[in-house]
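Residue numbers (our numbering): 1445 to 1714. Working notes for the structure below.
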């Protein structure tokens, strides 16, 4: 703003007094004198226009017509989202099998429409998104939801343990892994004992047993390479796609951060 005001002062001074300080050779023609004087005036007018525009534009955009700013922001966000969606679509298409290999799958495992669901077992918004996805699966027999467990640091070791258990459960049976996943997401307040990993693990194993899983094998598999590789892949994907929190859905070539209602998910599947 300081430089803008200074430019305006210089412009006014040039317009009013600039020609007085320009000494031309008397031998020069009158035409040359006019050209020089007009040039000085043109420079002054140009500076005035630029200065006024720099002062008036922010006022116009923020006070007179702020809607333009919102439209500009929305346009920039849409362009960025389209670029990001294109990159996600390209990557998912090329790496679909790898992304599904060790992840529990809700719905039709052979479905033609795929949703990737990045989730945290202790995230209340993820629980809401999970229930919306369950509705989508129930209403669409050709949909599969690939559950990518992404325990967030803020939720501690209990979230990591539950993620490991769900991934390891798939080694025994995808159906049992989904049964455990549903039980954990349904009411994490009951099984997750804050700052008590031992008690939380016991509760998760009780739910795993109810889901028909061999808990001795489950605890062993939780420490194995399959689980380690899946969690590492999720971390890699989160970095690649810019995922900073959960829930996060990839539906076709569209990315949806946050808990998305079933109707919106169905629309994206078309």
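By construction, the Cβ of each residue, glycine as well, lies at the ideal position given by its N, Cα and C atoms.
Item to check | Environment of residue 1493 [buried if 16+ CB atoms lie within 10 Å] | outcome: Mapped onto the chain shown, residue 1493 falls at position 49. Residue 1493 should be labelled exposed.
Item to check | Per-residue burial, residue 1605 [other beta carbons within 10 Å of its own, 16 or more giving buried] | outcome: On the chain shown, residue 1605 is found 161 positions in, with the first residue counted as 1. Residue environment analysis places residue 1605 among the buried positions, since at least 16 neighbouring C-beta atoms fall within 10 angstroms of its C-beta.
Checklist entry - Can you name the start and end residues of the beta strand (DSSP E) that residue 1645 belongs to? => result Working through the chain shown from its first residue, we reach residue 1645 at position 201. Here residue 1645 belongs to no beta strand (DSSP E); instead the alpha helix (DSSP H) covers 1641 to 1654.
Checklist entry - Which term fits residue 1436, buried or exposed, when burial requires 16 or more other beta carbons within 10 angstroms of its beta carbon? => result Residue numbering for the chain in the displayed model covers 1445 to 1714; residue 1436 lies beyond these limits and cannot be assessed.
Next on the checklist: Quick check on the burial criterion: 16 or more other C-beta atoms within 10 angstroms. Buried or exposed for residue 1676?
Outcome noted: The sequence position of residue 1676 within the chain shown is 232, counting from 1. Burial state of residue 1676 is exposed, judged by a 10 Å Cβ sphere holding fewer than 16 other Cβ atoms.
Checklist entry - So, is residue 1705 buried or exposed, given that buried needs 16 or more other C-beta atoms within 10 angstroms? => result Counting from 1 along the chain shown, the entry for residue 1705 is found at position 261. That one is exposed.
Item to check | Alpha-carbon to alpha-carbon, residue 1561 and residue 1666 | outcome: Along the chain shown, one-based indexing puts residue 1666 at 222. Along the chain shown, one-based indexing puts residue 1561 at 117. Taking the straight line from one Cα to the other gives about 21 angstroms.
Checklist entry - Any idea what DSSP makes of residue 1548, helix, strand or coil? => result For the purposes of this step, residue 1548 is taken as the residue at position 104 of the chain shown. Under the three-state reduction of DSSP output, residue 1548 falls in the coil class, being neither helix nor strand.
Next on the checklist: Using only the alpha-carbon positions, how far apart do residue 1553 and residue 1498 sit?
Outcome noted: By one-based count along the chain shown, residue 1553 stands at place 109. By one-based count along the chain shown, residue 1498 stands at place 54. Roughly 59 angstroms separates the two Cα atoms.
Next on the checklist: With three or more C-beta pairs closer than 8 angstroms as the rule, is the stretch 1543 to 1552 touching the stretch 1589 to 1609?
Outcome noted: yes
Item to check | One or two residues paired with residue 1699 in a DSSP bridge | outcome: Here residue 1699 refers to the residue found at position 255 when the chain shown is read from its first residue. Partner(s): 1694.
Checklist entry - Just to confirm, are residue 1636 and residue 1609 a CB contact at a threshold of 8 angstroms? => result Taking the chain shown and counting its residues from 1, one reaches residue 1636 at position 192. Taking the chain shown and counting its residues from 1, one reaches residue 1609 at position 165. Taking 8 angstroms as the Cβ cut-off, residue 1636 and residue 1609 do not qualify as a contacting pair.
Next on the checklist: For residue 1601 and residue 1535, I'd like the C-alpha separation in whole angstroms.
Outcome noted: Here residue 1601 refers to the residue found at position 157 when the chain shown is read from its first residue. Here residue 1535 refers to the residue found at position 91 when the chain shown is read from its first residue. Each residue's alpha carbon lies about 30 angstroms from the other.
Item to check | residue 1592 - DSSP class collapsed to helix/strand/coil | outcome: Numbered from 1 along the chain shown, position 148 holds the residue referred to as residue 1592. Looking at residue 1592 - three-state DSSP - the assignment turns out to be strand.
Item to check | residue 1624 to residue 1709 span [Cα, whole Å] | outcome: The residue you call residue 1624 lines up with position 180 of the chain shown. The residue you call residue 1709 lines up with position 265 of the chain shown. The straight-line gap from Cα to Cα measures roughly 24 angstroms.
Item to check | Proximity below 8 angstroms, CB of residue 1712 to CB of residue 1671 | outcome: Here residue 1712 corresponds to residue number 268 of the chain shown, with the count starting at 1. Here residue 1671 corresponds to residue number 227 of the chain shown, with the count starting at 1. No.
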